[in-house]
Structure formats: structure tokens, C-alpha cells
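Inspection log for the structure reproduced underneath, given as C-alpha cells.
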Amino acid sequence: MGTSTSKVLGQNAKRTCQPSNEIQQSPSSPALATACSSNGSSPSVDSRFLCCGQPDAPSPHFRFLDLPAEMRVMIYEELVVVGKIFYTHNLHDVENGRRCHGFELFKKPKLTIFLVCKQIHTEAEKVYLTKNLFVLPVNWPAFQPFTTRNTSDEVEDDDESSKQPAAPRYLFSASALDSVKNISISIDQKQLEHYGCSHSAWTQIYEPAIGPFDQLTRHQRFDHIHDLELDDVADQWLDLVHSLPVPPTGLHYLEVDFTNAYCPIGCCRPIHLAVGDWITLVAPKKLDVIGVLPDEERQFTYVDLNGMHYTRRILKQQYGLRFRQPGEPTPWDEWMIRHPAAVYTLP
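Heads up: the sequence shown is residues 1 to 347, going by the numbering used here.
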């Protein structure tokens, strides 16, 4: 830390830091759950930075909270700011998107600092939430704290509801929804339910409108079913993106990956169905779109509820829309390590 820092650390203690009973007694809390899952296995922290009691040396000793706030922030940044926070890096994420490419090049955050005491938890979590990019899982609305915000939209069918985890994992604490600044999501075929048409649907709904099943050609039936599927796609994708957190000052950075944005059948890429007024609501200062083909960029246009027409030009001016190509730089490149072999590899 240098000579000046050592002098500060050697000052006599004037303040104590009481451990948080709430955190210590609740190992399943969002803070601990996140600490044990982000970017791999359980992280560790250098106890020299967390000296809230008597250190190993008999004297002199110091209290961490006696350090200037600016110096504490520097220590927090060293421990919890790693560039990107990955929750999943399975084969689907790697093979059907670009968000997890190079995940092994980012270090793991040392989040056990959250468990020291409430004040340190509050200070360190703010640094953690505002300075990292959170690469959310494909089906992130099924995780806490988002599930508590979407209970009215849950599927009522028993078979479908059984797919939801009994105890959804925390991606971060509920209070973090107002603080997180940088998020990466995907628009993915995996997020879609494939309903199709049952016998009762054909006989009670569709036959009165388009005719009996056996009197339609295969192409007529396919076109009709496909149109119905796209109606469901629009509802599901828009419900998904409307679940994004909306901090009071908006997001600083939003990355959206459309690499696997196929319809449930896989015959088309209806990207326009996922583009809408949610962009206006989230109001990112920088919107990076990846995984789109050149002729798909024209689909980024919509009309909001007030009748305002948003074109690509307006989205670029107001929300920093960029169609990022492979190899183009991002704000997170500086955190990539040069020797990834010592971190971890894809299982």
C-alpha cells in the first residue's frame, strides 16, 4: 500500500465495527448466496483488510472504519470489482450466445467482505453493484429477486409451474435493484414456451375462424400455427424485458444478445418482437446490441404508448444504441487477465 497508507493503518483505534448478527445468522441471505456463487466457487478475502478487532500482531492495531472513506472505497474496488459477474457459463450460454465468451478471463469477486458488518456491507455492496457488469442467466426472471416482482405473470398450469425452482437462487439482494448499473441479458429461444394447438383448440377456436383441420393444406396450417406462435413470442419476450430493474437514474450500460433469438420452431428470427418501449423505461445511457445480422438492424424501431416513433437514429442519440461486432472493445476489457489458466475452466 505504500508508506503513507501504512502510517494510516497504524493509527490507534477509535471506533469499533460490530459484526452483523443478521448476516451471520442467515447464511442463505442474498449476500451470502451471491458471495458463494458469483464467478465460480466460494471466494476468499484477505483478513488484513478486514481488521475490525485485534490483529495477529499485539500492537499497534487499527480499526478498518477509521480509514478515510476514499481509502475504504479503494480497498473495496480491489476486492469486489472484477469487470464481469457470471452466474452461469454452461454449454448453452457459450454455444448460443456471445455474452459468456471469455468468461475464464475474469477473476472472481471476494464477496465475503459483505459478512464483516453492516456498514462495510453497505459500502462494499454499492461499489460491487455500480462498477461491475452483471451477466444474468438466460432465464433470469426465474431467480430472486425478480420472481417476487413477477408473481402475477406466472404460468398457472401445474406442469409448467413445477419447472420453477422451489427455492430460487438470489442473483443479488432485493435492495440492489435500485443500485445495479450495468446488466447483460439475452433474448433467447430458450425463454419461450411452445404451446402449439390442441384438439380442443382446433375444434372450439380455430375451425370456426379458418375451417376444419382436414380441409386446410399443410402450408395453411403451418402459417396459421406460426402466426399464433409469434403472438406468444411477443408476449413472452416483452414480459421478460419489462422485468428489468429500473434504477432511479436509469442503467448506465445494457448489453442485449440476440444470437439465439429464434422463434420456437426455429424458422425465423422475430427480433422486432423484443424491441419496444422497455428501452425508454430502462433508459440506458449505453445500449450495446450483439448477435444480430446486418439486415436485422432495421428491426430496431418502435412506437411507444404516447405515439412517439423511435427510430435507430433516435435510439443512438438518446440511449447510445450500438450494434457491436465481434472484436469491438467494451468498457470491461480492462479487467480481463492475461493468464486465464489459473482461474477456472468450463466444466
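Positions of the beta carbon are idealized from the N, C-alpha and C atoms, including for glycine. Small disclaimer: the values here were computed from a predicted structure and weren't measured.
Bridge partner(s) assigned by DSSP for residue i
i: H309; result: V303
i: S186; result: D257
i: K286; result: Y253
i: Y170; result: Q144
i: K84; result: L133
Cβ-Cβ distance between residue i and residue j below 9 Å
i: K107; j: V82; result: yes
i: L133; j: P270; result: no
i: L79; j: A124; result: yes
i: Y87; j: L129; result: no
i: I210; j: F258; result: no
i: L216; j: H226; result: no
i: D232; j: Y195; result: yes
i: K131; j: N182; result: yes
i: R99; j: I290; result: yes
i: L228; j: C197; result: yes
i: L65; j: I120; result: yes
i: W140; j: L171; result: yes
i: H272; j: T249; result: no
Integer-rounded CB distance, given that residue j should sit under 8 Å from residue i
i: Y319; j: P284; result: 5 Å
i: V73; j: V116; result: Contact flag wrong, Cβ pair sits at about 15 Å.
i: R312; j: E296; result: At roughly 11 Å, the Cβ-Cβ gap does not stay under 8 Å, so R312 and E296 are not in contact.
i: L287; j: L254; result: 5 Å
i: V282; j: L251; result: 6 Å
i: Q189; j: N260; result: 5 Å
i: P145; j: S173; result: 7 Å
i: P292; j: F323; result: In the sequence under discussion, the amino acid at residue 292 is Val, which differs from the Pro named in the question. 6 Å between Cβ atoms; contact.
i: Q191; j: V138; result: 6 Å
Local conformation of residue i per DSSP, three classes
i: L251; result: coil
i: E334; result: helix
i: K126; result: helix
i: R322; result: strand
i: Y76; result: helix
i: Y206; result: helix
i: K316; result: helix
i: T217; result: coil
i: K118; result: helix
i: D159; result: Note that D159 scores a pLDDT of 47, beneath 50, so its modelled location is shaky; the value from the coordinates is reported in the next line. Here D159 sits in helix by DSSP.
i: D277; result: coil
i: R269; result: coil
i: F106; result: coil
i: P245; result: coil
i: R298; result: helix
i: S179; result: coil
i: H92; result: helix
i: V138; result: coil
i: V233; result: helix
i: L65; result: helix
i: L192; result: coil
i: E328; result: coil
i: S198; result: coil
i: G53; result: For G53, the predicted structure reports a pLDDT of 49, less than 50, and the residue's modelled location is therefore unreliable. A value from the coordinates is still provided. In the structure shown, G53 sits in coil (DSSP, three-state: anything other than H, G, I, E or B).
i: P27; result: For P27, the predicted structure reports a pLDDT of 42, less than 50, and the residue's modelled location is therefore unreliable. The matter cannot be settled from this model.
i: L228; result: helix
i: L238; result: helix
i: S42; result: Unreliable positioning characterises S42 in this predicted model, as indicated by a pLDDT of 43, which lies under 50. The coordinate reading is nonetheless provided below. Coil, per DSSP.
i: L293; result: coil
Problem set entry | Three-pair Cβ contact test at 8 Å for the region 234 to 245 versus the region 271 to 283 | yes
Exercise. Would you say the region 171 to 178 touches the region 261 to 274, given that touching needs at least three Cβ pairs under 8 Å?
Worked result: no
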